[in-house]
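A.B. asks:
Residue numbers (our numbering): 369 to 667.
#1: Closest by CA to residue 469, which one among 606, 605 and 573?
#2: My guess is that residue 551 and residue 526 are in contact by the Cβ rule of under 8 Å, so how many angstroms apart are they, rounded?
#3: Reducing DSSP to helix, strand and coil, say where residue 415 ends up.
#4: Relative to the alpha-carbon of residue 613, which residue among 428, 472 and 420 has its alpha-carbon at the smallest distance?
#5: Going straight from the alpha carbon of residue 628 to that of residue 413, what length do you get?
#6: Let me check one thing: in DSSP terms, what residues is residue 501 bridge-paired to?
#7: For residue 565 and residue 517, what's the separation of their Cα atoms in angstroms?
#8: Can you give me the C-alpha to C-alpha distance between residue 589 and residue 558, rounded to a whole angstrom?
#9: From residue 601 to residue 410, what does the alpha carbon distance come to, in whole angstroms?
#10: Taking only three categories from DSSP, how would you classify residue 595?
#11: Compute the Euclidean distance between the alpha carbons of residue 539 and residue 514, then round it to the nearest angstrom.
#12: Touching or not, the stretch 442-459 and the stretch 574-587, by the rule of three or more beta carbon pairs under 8 Å?
#13: What span of residues does the beta strand (DSSP E) with residue 558 cover, start to end?
#14: How many whole angstroms separate the CB atoms of residue 569 and residue 522, which I take to be in contact at a CB cut-off of 8 Å?
#15: Tell me which same chain residues have a C-beta within less than 8 Å of the C-beta of residue 495, skipping the five on either side of it?
#16: Do the stretch 613-625 and the stretch 481-489 touch if we need at least three Cβ pairs shorter than 8 Å?
#17: Residue 511 by DSSP, collapsed to three states: which one?
#18: Can you tell me which residues form a DSSP beta bridge with residue 555?
#19: Quick one: Cα of residue 467 to Cα of residue 592, how far?
#20: Between which two residues does the beta strand (DSSP E) carrying residue 522 extend?
#21: Which of the three DSSP states, helix, strand or coil, is assigned to residue 569?
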């Protein structure tokens, strides 16, 4: 038998080293759940996985935009619902005020109306989770509504900006500013705003005159707020419908990605066992060959 040459030994060692690397890769695949460890392992699949991941990232961005918009519109819808309840109570006070009541009763009704006005002002100054005024337009660092110290009238402090949530044409939605929500109340005498209507009602209630006219304006205010709530509700319904579609799209992308990126554990387990057996056999064969050759050389 010939003594193995250096080249023979190096060839055997390279073969065993290659087997060891393959086993290491299999172990990494098992521990990480990744089928492709290097792009060069499967360039075509790697490109497709990258394409799917990009699509998933865009999908996640648009979904987050929709969910954020839905949350803000939810705040607006809740605020409008409570505002409508306040105006409904003011209308009930108007009915009571139209009756033959004492001045003390009128004062009591006026006091309640003033409290309701304050509650409505608080609602109009709703802030988001960051503490920014939700309905002040772009002037989010200010309270949207505040009482003018000179006139005692609650006035809009924001601007006419309509912040939008970033996204594509399907996910962008403007957030109404307070001037639009509480302004633009259409009455027989023209356009006015919620707090002017309520202020006039309190004056009429306190004096006992002009209550019927103030009641008509309260009706107009209630109709205005109901219309706004309907608009916001419709916008939320459309957005929630869109959000519902994302689950199907996400599942479809995951179904495309999984066979490309996720290894079959059973197959890896079999390959690992076979690789360990092959490496063990190669090591034993190499050792026996070296020992036998060395023995013959010495003898």
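By construction, the Cβ of each residue, glycine as well, lies at the ideal position given by its N, Cα and C atoms.
C.D. replies: Looking at the atomic coordinates:
#1: 573
#2: Wrong, their Cβ atoms sit about 11 Å apart, outside the cutoff.
#3: Here residue 415 sits in helix by DSSP.
#4: 428
#5: 6 Å
#6: 495
#7: 18 Å
#8: 12 Å
#9: Put simply, the backbone Cα of residue 601 is about 49 Å away from that of residue 410.
#10: helix
#11: Low confidence applies here, because residue 539 scores a pLDDT of 49, under 50, leaving its location unreliable and the question unanswered by this model.
#12: yes
#13: 558-560
#14: So it is not a contact: roughly 13 Å between Cβ atoms.
#15: 501 and 502
#16: Between the stretch 613-625 and the stretch 481-489, the count of Cβ pairs shorter than 8 Å is below three; the stretches do not touch.
#17: In the three-state scheme derived from DSSP, where H, G and I count as helix and E and B as strand, residue 511 is classed as coil.
#18: In the DSSP output, where bridge partners are listed per residue, residue 555 has 558.
#19: 27 Å
#20: Residue 522 -> beta strand (DSSP E) spans 522-524.
#21: Residue 569: helix per DSSP, three-state reduction.
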